[in-house]
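Take any residue in the sequence shown, count from 1 to its spot, add 137: that is its number in our numbering.
Heads up, the beta-carbon is just placed ideally off N, CA and C, and yes, glycines get one too.
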Amino acid sequence: MAAGTTTTSSLPPLPSPLPDLGVALSAADLRATAYEVLLAASRATGAKPLSYILQPASSTTVSWSQPSASSNHGGRAAGRRTVVELVRVQLGVTEQADAKIRRGLLRIAAGQLGRCAESIVCPLEFLQKFKPSDFSNRLEYEAWQTRNLKLLEAGLLVHPFIPLKRSDISAQRLRKIIQEGYDGQLESGWNSEFMQRLRSSVMSLACRSLSETSDECHWADGFPLNLHIYKMLVEACFDSEDGTIVDEVDEVIELLKMTWVILGVNQMLHNLCFTWALFSHFVMSGQAHDELLFAIRNLLVQVTKDAKITKDPDYCDVLSSTVSLIIGWAEKRLLAYHDTFSTSNTDSMQHMVSIGISAAKILAESSEYGPETKEKTDVERSRITSYIQSSLRTAFAQVSSRYNICFLFYHCFKHE
């Protein structure tokens with residue numbers, strides 16, 4: 138008999154496959170930053186993406202739902218609102234916050250005409266362009282200042298795109314200036330002495346590049362800060378109420394791609410982040426949405442291909458952590474599948490077996506695990522054998538336990 142479905146509210150959060158940031162940026166901080174990056178990237182490409190009206194979703198390289206599955210949203214019309222508006226709602230950004238960010242971006246654009254989004258350090262520009270009068274109260278303004286200082290600390294000092302030398306004078310100077318800001322010595326205004334020192338230190342670090350001809354600024358593309366921010370953007374692909382994939386997922390992903398140049402994300406990192414998001418939503422929904430399981434299964438096929446063609450250490454670390462968490466969760470169910478599945482959900486079992494095997498293959502084929510072995514080439518057979526044997530042992534133990542109890546009761550009543 139399959140175990141009953143658990144409600145989302147009773148489930149503990151899954152551990153993150155990403156390394157800790159080491160800077161006290163909350164989920165709300167990262168979500169706000171993610172939306173700012175999205176608007177900055179969209180505006181830099183022109184006005185059209187910000188007012189783009191949704192069209193019926195086109196087909197993608199990855200199938201998000203089973204062919205027989207119907208829409209979970211009652212045939213919601215795709216053209217009712219813009220993509221950015223949809224993302225705003227899904228990320229929980231208020232209309233007031235949205236208007237404030239847009240005002241800030243207009244101020245930045247007015248002073249830096251022709252500059253692309255990747256050449257602008259958003260936290261620095263926002264700190265210089267906003268005044269206390271732009272906020273409802275002083276506490277809100279100070280919290281906003283602190284968040285932007287923390288972003289500069291995380292992106293330029295703790296997780297820089299290009300590693301820093303300990304003796305770097307600019308880094309030492311910026312660290313001191315940021316601490317002054319934390320201590321309440323931050324002076325607002327473009328021409329204040331504090332802001333001029335901050336700009337000088339920030340730009341000297343952000344403008345470091347691997348290419349002498351590049352005019353890109355690096356403040357949000359260092360690992361793992363970039364993935365912590367991008368993970369928040371990926372959440373816009375899921376309905377904020379029931380956790381299902383939104384009907385407009387293809388258009389949302391196209392919009393998210395605009396942020397890749399700022400965040401240093403590519404297709405492989407996107408595939409990995411999206412795989413984890415699908416898995417997380419499936420688990421946290423109490424395994425209520427099989428279409429998420431189907432999508433994970435399909436996307437893992439692409440992740441398997443990606444894993445074979447990159448040796449990037451940061452990617453490999455997150456890949457290993459992600460698939461290990463997926464394997465651990467899936468195998469708790471598959472090693473005792475008589476307790477998890479029944480005749481009513483055999484499709485779920487089929488998808489979960491495929492996911493468990495795909496994740497195990499990725500882990501086995503990782504360069505971290507050494508040369509080719511027979512175990513590596515026989516992952517599928519060994520895993521399925523393990524699932525069957527373990528589940529049979531568990532079922533046998535349960536039957537034996539019930540039999541022993543019945544036998545004990547029989548003898549007790551017999552001798553009365």
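Asked, Found
"Got a sec, what are the start and stop residues for the alpha helix (DSSP H) His418 sits in?", "Gln404 to Met421"
"Measuring only the C-alpha atoms, how far is Asn403 from Trp397?", "6 angstroms"
"Look at the alpha carbon of Glu262 and the alpha carbon of Ile366, and state the distance between them as a whole number of angstroms.", "18 angstroms"
"Just how far apart, CA to CA, sit Glu330 and Gly321?", "14 angstroms"
"Identify which residue in Val221, Ile306, Ser273 and Leu415 has its Cα closest to the Cα of Leu151.", "Leu415"
"Measure the alpha-carbon distance for Ser341 versus Ser307 and round it to whole angstroms.", "7 angstroms"
"Is it true that the segment 436-448 meets the segment 386-401, where meeting means three or more beta-carbon pairs spaced less than 8 angstroms apart?", "no"
"Would you mind working out which of Tyr278, Ser377 and Leu289 sits nearest Cys354, comparing C-alpha positions?", "Leu289"
"Taking the C-alpha atoms as reference points, what is the distance between Gly229 and Asp515?", "46 angstroms"
"Take the Cβ of Glu255 as the centre, count every other Cβ of all protein chains shown within 10 Å, and call the residue buried at 16 or more, exposed below.", "buried"
"What are the start and end residues of the alpha helix (DSSP H) that includes Ile299?", "Careful: Ile299 lies outside any alpha helix (DSSP H) and carries neither H nor E."
"Quick one: residues in its chain with C-beta nearer than 7 angstroms to the C-beta of Leu362, no 5 flanking neighbours on either side, listed in chain order?", "Leu158, Ala291, Gly292 and His296"
"What first and last residue would you give for the alpha helix (DSSP H) that runs through Phe267?", "First-last for Phe267: undefined, no H or E at that position."
"Could you name each continuous alpha helix (DSSP H) segment of 4 residues or more that falls completely within the segment 315-388, going from the start of the chain to the end?", "330-343 and 362-371"
"Just to confirm my understanding: we take Ile238, look at its own chain, exclude 5 residues before and 5 after, and list those with CB closer than 6 angstroms. What are they?", "Glu173 and Leu176"
"Could you spell out where the alpha helix (DSSP H) holding Ala444 opens and where it closes?", "Asp427 to Ile446"
"Would you say Thr459 and Leu400 are within 8 angstroms of each other, going by their C-beta atoms?", "no"
"Tell me whether Thr459 sits in a helix, a strand or coil according to DSSP, three-state version.", "helix"
"From this set, Ala165, Thr219, Ala164 and Ala178, which residue's C-alpha is nearest Glu385's C-alpha?", "Thr219"
"Could you compute how far the alpha carbon of Asp443 sits from the alpha carbon of Ala247?", "41 angstroms"
"Comparing alpha-carbon positions, which option in His407, Trp466 and Leu456 lies nearest Leu430?", "Trp466"
"Quick check on this structure: which residue in Pro156, Ser491, Ser325 and Ser179 has the alpha carbon closest to the alpha carbon of Val389?", "Ser179"
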